[in-house]
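Residue numbers (the UniProt record's numbering): 1 to 325. The beta-carbon is built from N, C-alpha and C at its ideal position, and this holds for glycine as well. A short worksheet on the structure shown next.
Take a look at the structure:
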């Protein structure tokens, strides 16, 4: 079974749709169908059955899925072992990140990394948290930068295959349009106002909903739900409603006066920014160098906030790295 066929099979198994799978593996729909048919012919069994809700795995497909995942993992580890034994230090690393992290944390840091490691090519994919996790598990990205949800009580099988380091605890801030600044002394009063929020499933939205729920207060009315922090900031600046967003995403807007910060009447909210990658017996040399550099040098940029100086933020970040090794 060729690894290419197994990768296509897993894409179809996860998306349950030929069109979406084709987008994932960057093939034409006809090519995806042909590869699935080739695999079924080779194995002598149907792997999918069509239902009203999409493609479903047959018993044969369900049996193949975990083995296909293991075979692709071993294929990657074999390549990494050969590269390491041959003394290769170059290669490419594909990283995935949330939009906010990509622009505010990785964009300022990557040029220095690439200048120090010209033999390593870095590719970046910007998407949402759920897609990042799937890309990481499928091996389509090597490392993901996202915010960790801390409400998960038990790790799944997929989580046990992943390693993670916390880079920083990013503060969330309550922002409003200039001229709308008003101090609310408790969450109940704040809940009477309108908000612009991220969509359900996002870490910021989870923290927003949880803050009011834990205080026994009904969540505020949402004027809009958006998938982009940048779009949320623009709507807040236009007076659509308040926003609870990561400071790193609106630092420039606050400095320009496009937004103003309001005091948050509840417990200070921070989101753990994490670097997550798959556990392997042998890491590809390029990825190993990237992870080491990120651990040692990727620290929060200085910002004029109330948490202290840029040096203090950097020291906190390095301590977090050390504590999450």
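query, result
"Got a sec: is the Cβ-Cβ distance from residue 230 to anything in chain B below 8 Å?", "Here chain B cannot be found, since the structure has a single protein chain."
"Which runs of the alpha helix (DSSP H) fall wholly inside the segment 42-89 and span at least 4 residues, in chain order?", "59-85"
"Please go through the same chain and pick out, in chain order, the residues whose beta-carbon is closer than 6 Å to the beta-carbon of residue 163, but skip the five residues on each side of it.", "277 and 279"
"Tell whether a beta-carbon distance below 8 Å holds between residue 8 and residue 28.", "no"
"Rounded to whole angstroms, what is the Cα-Cα separation between residue 304 and residue 144?", "Residue placement at residue 304 is poorly supported in this model, since its pLDDT is 40, which falls under 50; the coordinates are not used for a value here."
"Quick one: complete beta strand (DSSP E) runs, 3+ long, within the segment 207-258?", "221-226 and 243-246"
"So the candidates are 166, 83 and 207; which of them puts its Cα closest to the Cα of residue 243?", "207"
"Once DSSP output is grouped into helix, strand and coil, what is the label at residue 96?", "strand"
"Please state the DSSP three-state secondary structure of residue 193.", "coil"
"Would you check if the distance between the CB atom of residue 265 and the CB atom of residue 186 is smaller than 8 Å?", "yes"
"Output the boundary residues of the alpha helix (DSSP H) element that contains residue 294.", "285-297"
"Quick one: residues in its chain with C-beta nearer than 6 Å to the C-beta of residue 129, no 5 flanking neighbours on either side, listed in chain order?", "146"
"Just to confirm the assignment, what range does the beta strand (DSSP E) spanning residue 4 have?", "Note, residue 4: premise wrong, no beta strand (DSSP E); alpha helix (DSSP H) at 3-15."
"Buried or exposed, going by whether 16 or more other CB atoms sit within 10 Å of the CB of residue 192?", "exposed"
"According to DSSP, simplified to helix, strand and coil, what is residue 27?", "coil"
"Can you tell me the Cβ-Cβ gap for residue 292 and residue 170, rounded? I've got them flagged as a contact below 8 Å.", "In fact, because the Cβ distance is near 22 Å, the residues do not count as touching under 8 Å."
"Is the separation between the beta-carbon of residue 114 and that of residue 122 shorter than 8 Å?", "yes"
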